[in-house]
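Undergrad:
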Amino acid sequence: MRRLVLFLLIIGGILTAEAQDIRSRLDVLLSGDYAEVLLRDGVLRKTSYREDGTSLPLLPRITLAEDAKKFWSGDPAPFVSETLFLYKKSAAVPTGEDVPGISVILRSLSRLEGLEYYSNSRKTMRTLYKSSYAVESEENRTRIADPVSAPADGLSVVAIQEDLTFGEYAYRYDYRQTDDTAAFYSTNIDSLSYGFIRIIKPGNLRIALLVHDLGDYLLVYNLTRAEFLAIPGMEKKLNASFSSRADAVYGWFIDEYQQ
10 MRRLVLFLLI IGGILTAEAQ DIRSRLDVLL SGDYAEVLLR DGVLRKTSYR
60 EDGTSLPLLP RITLAEDAKK FWSGDPAPFV SETLFLYKKS AAVPTGEDVP
110 GISVILRSLS RLEGLEYYSN SRKTMRTLYK SSYAVESEEN RTRIADPVSA
160 PADGLSVVAI QEDLTFGEYA YRYDYRQTDD TAAFYSTNID SLSYGFIRII
210 KPGNLRIALL VHDLGDYLLV YNLTRAEFLA IPGMEKKLNA SFSSRADAVY
260 GWFIDEYQQ
């Protein structure tokens, strides 16, 4: 009995030390009490629409974060959605060791085909990307293989994606990679339509996805900014849609990472 109690005390002490360690590391990366909430819930989300200022409260102090912040031109974006995820790995590795593999996942655009997300308006699962693939260029939209063998940092790729909300459109993906972080910054090349109405002009939907390798955890930050046609009720629809999409892409990424 004493041995069992001693064993449980040792295990409890180890778990407490591990929790304090990741909490202290997250406190360095995040503002306010976000570390505590993220450890408890695994996800944080902040959304704003036509609010003053350009603050990004969830933006972690990590490599490439400044690039994400600057990934918008002109006046501040009317719509801003941030989502921060924390994923605990099944086994810890040296910090940054998984970055090359993470970068390959982010460049595997064709593997997004068939990805589903939860539609808040329809209250059911729907296909997010009916098709998704890289092409030669904006002018030559011939399908090519995923650019997984090319050096990632500084790579720019044009992709065609078709979803059930906006239809088929072209995107540009710009990739970055450092010792501890892999990221992409994407922007729409074509206009996006909702039904028969063009609601987002070229360049007015920009998404940054940063994956920071902590060794034993992954910190994943999604930033979506958009300027769209002011139609009554549209902000609510797009807010729900972009949030569901961020969750779906994160789930897809984790599934790919675990393979």
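So the sequence shown is residues 10 to 268, counted in our numbering. Note that the Cβ used here is the ideal one computed from N, Cα and C, for glycine as well. None of the values given here were measured: they were computed from a predicted structure.
May I ask you to list the residues that DSSP assigns as paired with Glu125?
TA: Your numbering for residue 125 matches position 116 in the sequence shown. DSSP lists Thr136 as partners of Glu125.
Undergrad: Over the uninterrupted alpha helix (DSSP H) stretch that includes Phe262, give me the two end residues.
TA: The residue labelled residue 262 in the question sits at position 253 within the sequence shown. It spans Met243 to Gln267 - the alpha helix (DSSP H) in which Phe262 sits, taken as one unbroken run.
Undergrad: Please identify the residue among Ile209, Ser130, Leu115 and Ile71 whose C-alpha is closest to the C-alpha of Ala239.
TA: Working through the sequence shown from its first residue, we reach residue 239 at position 230. When only C-alpha atoms are compared, the closest one is Ile209.
Undergrad: Using only alpha-carbon positions, find the residue among Ser99, Leu95, Asp42 and Ser112 that is nearest to Thr187.
TA: The sequence position of residue 187 within the sequence shown is 178, counting from 1. Here the closest residue by C-alpha is Ser112.
Undergrad: Which same chain residues, not among the five before or five after Arg59, have their C-beta less than 7 Å away from its C-beta?
TA: In the sequence shown, the residue the question calls residue 59 occupies position 50. So the qualifying residues of the chain are Pro87.
Undergrad: Using 8 Å as the threshold, is the C-beta distance between Ala217 and Ile198 below it?
TA: Start at 1 with the first residue of the sequence shown, and residue 217 comes out as number 208. Start at 1 with the first residue of the sequence shown, and residue 198 comes out as number 189. Cβ atoms of Ala217 and Ile198: not closer than 8 Å.
Undergrad: Which class does Gly41 belong to by DSSP, given the choice of helix, strand or coil?
TA: Indexing the sequence shown from 1 puts residue 41 at position 32. Residue state, collapsed to three classes: coil.
Undergrad: Smallest Cα separation from Leu219: which of Glu75, Pro66 and Ala28?
TA: Locating residue 219 in the sequence shown gives position 210, where the first residue counts as 1. Taking only the C-alpha atoms, the option nearest Leu219 is Glu75.
Undergrad: Following the continuous beta strand (DSSP E) through Asp183, name the residue where it begins and the one where it ends.
TA: Against the sequence shown, residue 183 aligns to sequence position 174. Where Asp183 is concerned, the enclosing beta strand (DSSP E) stretches over Gly176 to Gln186.
Undergrad: I need the straight-line Cα distance from Asp264 to Asp256, nearest angstrom please.
TA: Looking up residue 264 in the sequence shown gives position 255. Looking up residue 256 in the sequence shown gives position 247. About 12 Å.
Undergrad: Starting from Arg215, follow its DSSP beta bridges and name the residues at the other end.
TA: Your numbering for residue 215 matches position 206 in the sequence shown. According to DSSP, Arg215 bridges with Thr196 and Arg234.
Undergrad: When you compare only the Cα positions, how much space is there between Arg215 and Glu236?
TA: Numbered from 1 along the sequence shown, position 206 holds the residue referred to as residue 215. Numbered from 1 along the sequence shown, position 227 holds the residue referred to as residue 236. Taking the straight line from one Cα to the other gives about 9 Å.
Undergrad: Within its chain, find whatever has a CB closer than 6 Å to the CB of Arg207; leave out the 5 residues flanking it on each side and keep chain order.
TA: Residue numbering aside, residue 207 sits at position 198 when the sequence shown is read from its first letter. Within the same chain, Arg207 has close Cβ partners Ser200.
Undergrad: Could you check if Gln29 is buried or exposed, using at least 16 other CB atoms within 10 Å of its CB as the buried criterion?
TA: Translated into the one-based positions of the sequence shown, residue 29 becomes position 20. So Gln29 ends up on the exposed side.
Undergrad: With a threshold of 16 other CB atoms inside 10 Å of the CB of Thr4, please say whether the residue is buried or exposed.
TA: Examination of residue 4 is not possible in this model, given that the chain is present from 10 through 268 alone.
Undergrad: With C-beta atoms as the reference, is Val166 less than 8 Å away from Tyr182?
TA: Translated into the one-based positions of the sequence shown, residue 166 becomes position 157. Translated into the one-based positions of the sequence shown, residue 182 becomes position 173. Yes, the Cβ-Cβ distance between Val166 and Tyr182 is below 8 Å.
Undergrad: Are the stretch 126-134 and the stretch 100-111 touching by the rule of at least three beta carbon pairs closer than 8 Å?
TA: Output reads no: the stretch 100-111 does not touch the stretch 126-134.
Undergrad: What is the DSSP secondary structure of Lys98, counted as helix, strand or coil?
TA: On the sequence shown, position 89 is the one that residue 98 refers to. Three-state result, Lys98: coil.
Undergrad: According to the neighbour-count rule (16 or more other Cβ atoms, all chains shown, within 10 Å of its Cβ), is Leu68 buried or exposed?
TA: One-based indexing of the sequence shown puts residue 68 at position 59. Buried, by the Cβ-count rule.
Undergrad: Three or more C-beta pairs under 8 Å: does that hold for the stretch 78-95 against the stretch 46-58?
TA: With a cut-off of 8 Å, the stretch 46-58 and the stretch 78-95 count as touching, because enough Cβ pairs lie within range.
Undergrad: Beta-carbon within less than 6 Å of Val89's beta-carbon, same chain only, minus the 5 sequence neighbours each way: which residues are those?
TA: In the sequence shown, counting from the first residue as 1, residue 89 sits at position 80. Result list for Val89: Ser57 and Arg234, in chain order.
Undergrad: Where do the ends of the beta strand (DSSP E) carrying Lys79 lie?
TA: For this step, residue 79 is matched to residue 70 along the sequence shown. Element bounds for Lys79: not the beta strand (DSSP E) but the alpha helix (DSSP H), Ala74 to Lys79.
Undergrad: In whole angstroms, what is the alpha-carbon distance linking Gly41 and Thr72?
TA: Counting from 1 along the sequence shown, the entry for residue 41 is found at position 32. Counting from 1 along the sequence shown, the entry for residue 72 is found at position 63. Taking the straight line joining both Cα atoms gives about 19 Å.
Undergrad: With Arg116 as the anchor, note down where its alpha helix (DSSP H) starts and where it stops.
TA: Taking the sequence shown and counting its residues from 1, one reaches residue 116 at position 107. It spans Val108 to Arg116 - the alpha helix (DSSP H) in which Arg116 sits, taken as one unbroken run.
Undergrad: Whose C-beta lies closer than 6 Å to the C-beta of Leu121 among residues of the same chain, with five residues either side of it excluded?
TA: Counting from 1 along the sequence shown, the entry for residue 121 is found at position 112. Answer for Leu121: Tyr138 and Ser141, listed in chain order.
Undergrad: Pick from Ser117, Ser128 and Asp162: whose alpha carbon is nearest that of Tyr266?
TA: As a first step, residue 266 is located in the sequence shown; it is residue number 257 there, counting from the start. Comparing Cα-Cα distances from Tyr266 to each of Ser117, Ser128 and Asp162, the minimum goes to Ser117.
Undergrad: Taking C-beta to C-beta, are Thr174 and Tyr127 nearer than 8 Å?
TA: By one-based count along the sequence shown, residue 174 stands at place 165. By one-based count along the sequence shown, residue 127 stands at place 118. No.
Undergrad: Would you say Leu73 faces chain B, with C-beta separation under 8 Å as the test?
TA: Here there is only one protein chain, and chain B is not present.
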